[in-house]
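full-length UniProt numbering puts the sequence shown at residues 1 to 197.
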Amino acid sequence: MPAAQHFLQHPDPLTREVARQYAQGAFLMDNGDGLQWYSVRRRALVPLDERLHVPRRLERLLPRFQLSVDVAFEAVLAGCRNREETWISDELAELYLHLHGTGLVHSFESWQDGELAGGVLGLSLGGAFIGESMFHHLTHGSNAALIGLSRHLRGQGYLLLDAQIQNPHLARFGTYEVSARAYQEQLTAALQVDTEL
1 MPAAQHFLQH PDPLTREVAR QYAQGAFLMD NGDGLQWYSV RRRALVPLDE
51 RLHVPRRLER LLPRFQLSVD VAFEAVLAGC RNREETWISD ELAELYLHLH
101 GTGLVHSFES WQDGELAGGV LGLSLGGAFI GESMFHHLTH GSNAALIGLS
151 RHLRGQGYLL LDAQIQNPHL ARFGTYEVSA RAYQEQLTAA LQVDTEL
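Here is the structure:
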């Protein structure tokens with residue numbers, strides 16, 4: 001059974017419903033009106049191949065960071081929420097904690113000298129990783145986590161790293177936009193992949 005099917009047929013109804021919505025291209029946010037499902041006309045994807053652009057100066061700094069998966073989930077969640085305006089409400093944070101417990105939601109961390117430098121929070125469905133949020137405590141901590149995640153996913157056989165909405169910071173790394181239709185086609189293919197984070 002492909003990894004995505006495990007969640008699409010999960011015995012926990014909340015996990016199953018969230019997985020099904022994400023498999024259809026929706027994502028959750030709380031913009032002050034409670035949890036709601038959203039979709040966008042253009043989807044931002046982080047390259048999992050040679051199109052990933054890493055500035056030379058940053059490439060030289062990357063060996064200073066150590067990377068891990070699901071070692072500090074709660075700290076990454078807290079880091080992603082620790083900003084003036086956040087769409088990760090208390091309710092959504094509790095949902096992420098629940099979904100982390102069922103294995104649907106994960107954190108990818110970067111460390112420097114034993115200190116959490118940054119991280120990425122997201123869902124893993126088959127060969128798709130849907131990034132929800134990222135943060136940094138130390139300079140380049142989130143960059144190291146994002147680049148490390150892209151390279152890790154490629155090594156694990158993933159087909160898709162979804163950043164949802166494009167911004168100038170993500171564009172620096174070669175993140176590109178596709179139409180909703182093209183995204184759904186790529187997502188559908190990725191859901192058939194049987195891999196693990």
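We treat Cβ as the ideally placed atom computed from N, Cα and C, and that holds for glycine.
This structure is a prediction, so every number in the text was calculated from the model and none was measured.
query	result
Give the single residue among 130, 47 and 163 whose Cα lies nearest to the Cα of residue 19.	130
Determine the DSSP secondary structure at residue 165, reduced to helix, strand or coil.	coil
Please report whether the beta-carbon of residue 129 lies at a distance below 8 Å from any beta-carbon of chain B.	The structure shown contains no chain B; it is built from a single protein chain.
Would the beta-carbon of residue 98 fall within 8 Å of that of residue 73?	no
Does the separation of the CB atoms of residue 45 and residue 162 fall below 8 Å?	yes
Between which two residues does the alpha helix (DSSP H) carrying residue 107 extend?	Per DSSP, residue 107 belongs to no alpha helix (DSSP H); it is in the beta strand (DSSP E), 105-112.
Which residues in the same chain as residue 102 place their Cβ atom closer than 7 Å to its Cβ, once the five residues preceding and following it in sequence are excluded?	10, 12 and 15
Thinking residue 119 and residue 109 are a contact (beta carbons under 8 Å), I'd like their distance in whole angstroms, please.	4 Å
Mind checking residue 122: buried by the 16 CB within 10 Å criterion, or exposed?	buried
Taking C-alpha atoms, which residue in 24, 93 and 69 lies nearest to residue 180?	24
On the criterion of 16 or more Cβ atoms from any shown chain inside 10 Å, does residue 155 qualify as buried, or is it exposed?	exposed
When the Cα of residue 193 is compared with those of 78, 40, 160 and 77, which residue comes out closest?	160
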